[in-house]
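Respectively, the protein sequence lines represent chains A and B. Going by the numbering used here, the residue at position 74 of the first sequence is 77; the numbering climbs one at a time, nothing skipped. Going by the numbering used here, the residue at position 14 of the second sequence is 16; the numbering climbs one at a time, nothing skipped.
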Amino acid sequence: MAETRSKAGRDPEALVLVGTMKGAFAFRSDTKRKKWKMDGPHFRGEAVYALLHDTRGGRARTYAATNSMHWGPTVRFSDDGGKTWSSGEGRSVRFSPDSGRAVAQIWQIAPGRVDNPEVLYCGVEPAALFESRDAGQTWEPNQGLLNHEHQPKWQPGGGGLCLHTIVLDPRDNLRMLIAISTGGVYRSDDGGKTWRARNAGVRAEFLPDKHPEFGQCVHKVVHHPARPERLFLQNHWGLYRSDDWGDTWRDIANGVPSDFGFAMEMHPHDPDTVYIVPLESDMFRCTPEAKLRVYRTTNAGSSWEPLERGLPQADAYETVLRDALSSDKFDSPGIYFGTRSGKLFGSADGGTNWTEIADGLPPVVCVKASATAAA
Amino acid sequence: MREGLRDGGGVITLELPKALCSDTGAQSSVVLDGLYGTVGDALDALGKRSPRALERIMDERGSVRRHVNVFVNGESIRFLDGLGTPAPEGSTILVLAAVSGG
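1) What do you reckon, are the CB atoms on A/Val277 and A/Thr300 nearer than 8 angstroms?
2) Go through its chain and collect everything with a Cβ distance to A/Asn356's Cβ below 8 angstroms, but skip five positions before and after it.
3) Are the C-beta atoms of B/Ser78 and some chain A residue less than 8 angstroms apart?
4) Listing by chain order, which chain A residues have their CB less than 7 angstroms from the CB of B/Gly64?
5) Less than 8 angstroms between the C-beta atoms of A/Gly103 and B/Arg63, yes or no?
6) Spatial neighbours of B/Gly49 within its chain, please: CB distance less than 7 angstroms, with the 5 preceding and 5 following residues excluded, ordered by chain position.
7) Are there 16 or more other CB atoms within 10 angstroms of the CB of A/Gly281, so buried, or fewer, so exposed?
8) With a cut-off of 8 angstroms, does the C-beta of B/Asp2 fall near any C-beta of chain A?
9) Give a yes or no on whether the minimum CB-CB distance between B/Glu91 and chain A is below 8 angstroms.
10) At the 8 angstroms Cβ level, is A/Gly264 part of the contact set with chain B, yes or no?
11) Note down, in chain order, every chain B residue with its Cβ under 7 angstroms from the Cβ of A/Ala105.
12) Mind checking whether the beta-carbon of A/Cys125 lies closer than 7 angstroms to any heavy atom of the ligand NAD?
13) Which residue marks the beginning of the beta strand (DSSP E) containing A/Lys40, and which one marks its end?
14) Within this structure, are the beta carbons of A/His167 and A/Ser373 separated by less than 8 angstroms?
15) Terminal residues of the continuous alpha helix (DSSP H) containing A/Gln146?
16) Let me see if you follow: with CB-CB separation under 8 angstroms, is A/Trp240 close to chain B or not?
17) Check whether the segment 337-354 of chain A and the segment 43-58 of chain A touch, using three or more Cβ-Cβ pairs below 8 angstroms as the test.
18) When the Cα atoms are used, what is the spatial distance from A/Glu16 to A/Asp33?
19) List, in order along the chain, the chain A residues whose C-beta lies closer than 9 angstroms to that of B/Ala99?
20) Would you kindly work out how many angstroms separate the C-alpha atoms of A/Glu321 and A/His151, rounded to a whole number?
21) Let me see if you follow: with CB-CB separation under 8 angstroms, is B/Leu56 close to chain A or not?
22) For B/Leu85 and B/Ile59, what's the separation of their Cα atoms in angstroms?
23) Within 8 angstroms (strictly less), CB to CB, does B/Ser30 reach chain A?
24) Would you say B/Val41 faces chain A, with C-beta separation under 8 angstroms as the test?
25) Looking only at its own chain, which residues have a Cβ that is under 6 angstroms from the Cβ of A/His153, when we skip the five neighbours before and after it?
26) Applying the 10 Å Cβ sphere with the 16-neighbour rule, what's the burial state of A/His227?
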């Protein structure tokens, strides 16, 4: 994995990109991940809800979804580690003028498959999926989802009607899955032409019918590429697992203080290990008992254990949002999360021991970690 | 720096904030030579030259963004006829960020 030396013979570098309500920051460290160097803020004053460091195709390009209160949302990218940024030259992430819609927020930037390094996806608010086939220069909306018969009935959650999760099947180029809050999970098996709701077993506590075909408030879905058919889902109330690409879901909230939460992340090497940060409730979106605890399952949801060593265990009324939990790819994986109170925590041993990397940041909305060749 | 679009006819000057120009390719002062009946027409002309700049001023629906103000000769178009506000020859269209933030 990444701890082997790069082609250039240099040790890899840990890179943690942090998007906040007022700009983006980059934290870099060596393989030990004990001392960090901060760079930023980039995009001063702009909310950065999505970040991606993409090393496919021999390129090292960083993407950022920025949103200025004044000048609106856009995708920018940098090929020089954030020294300069471009917003591309073709059609940007925008609906057609006759659609009657306007992009309010870009919630996710996801890479396409490894063998297709020019392909990227964006999830936006109002819920729609955009695709780029030229590494972010031009973007087109996915028509199958845009014109889906369920689309008029999707409702915005607290953060807006957002498409926030994009999951690709590494084995089948025609299969992908997205999640919308609130719309639920949708899967395409034909390369994005058609989409089917895949929410059987996922509850919608806030609707009269608790098990509708669609309309669930799904907060995050993750999977491991070595076992792509098995999905884990953090719901607006509920933790779920599917072993059949979302055809059916079953509850796996076994031993968590609350099954409400936003963030969920996969262990980079173990398809049985998943991380979450439970919150008390939808009415009090703070860590239960004022203790900041990450929960980990190492048996695909049969049980969960609290990870608290090094994390504040008193008076910690923290909130971790859906994209603010991330792992790097080191053999001993780093796990990182940011809080709405502007703290960044990290663990270099898969979550057993934690340290505070930064405090005093603006409210953190996304964290994206990776191991990359040192600059 | 001034940038001209020479189509013949009158002259309208568009003044844009530097924050808008940094990565959109637009100049902070754009001179439009031609006939533009309204503010909307003049902004469309800007969009042909600097599409990214226009995207920052207006959304896909053709609306000026909520926290952006556009003035013609010192008067906000919000209190005139919006994008249909006349932009006579010699006028200056000023685009500014509104007083908002968080």
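Cβ atoms here follow ideal geometry from the backbone N, Cα and C, with glycine treated the same way.
With the structure as the only source:
1) Yes, these two residues count as a Cβ contact at 8 angstroms.
2) Closer than 8 angstroms at the Cβ level, and outside the excluded window around A/Asn356, lie Arg312, Gly313, Ser350.
3) With respect to chain A, the C-beta atom of B/Ser78 has no partner C-beta closer than 8 angstroms.
4) Result: Pro100.
5) Cβ distance < 8 angstroms, so A/Gly103 and B/Arg63 count as in contact.
6) Hits under 7 angstroms: Leu56.
7) For clarity, residue 281 of chain A is Pro in the given sequence; the question names Gly instead. Flag for A/Pro281 reads buried.
8) Past the boundaries of the shown model lies residue 2 of chain B; chain B is included only from 3 to 104, so the question cannot be answered.
9) Cβ-Cβ to chain A under 8 angstroms: no for B/Glu91.
10) Chain B, which has no Cβ nearer than 8 angstroms to the Cβ of A/Gly264, makes this no.
11) Within chain B, the residues near A/Ala105 are Asp61, Glu62, Arg63.
12) Ligands displayed in this structure: none; no statement on the ligand NAD is therefore possible.
13) Looking at the DSSP string, the run of the beta strand (DSSP E) that includes A/Lys40 is 40-45.
14) The answer is no: Cβ separation not under 8 angstroms.
15) Its alpha helix (DSSP H) spans residues 146-149.
16) The Cβ of A/Trp240 sits no closer than 8 angstroms to any Cβ of chain B.
17) No: the two stretches stay apart, fewer than three of their Cβ pairs being nearer than 8 angstroms.
18) Using only the alpha carbons, I get a separation of about 5 angstroms.
19) Within chain A, the C-beta atoms nearer than 9 angstroms to that of B/Ala99 come from Ser71, Met72, His73, Trp74, in chain order.
20) When rounded, the distance between both Cα atoms is 37 angstroms.
21) Not an interface residue.
22) Rounded to the nearest angstrom, the two C-alpha atoms are 12 angstroms apart.
23) Residue-level contact check: B/Ser30 does not touch chain A, since none of the beta carbons of chain A fall below 8 angstroms from its beta carbon.
24) It does not: the Cβ of B/Val41 has no partner Cβ on chain A nearer than 8 angstroms.
25) Only Phe217 meet the Cβ criterion.
26) A/His227 should be labelled buried.
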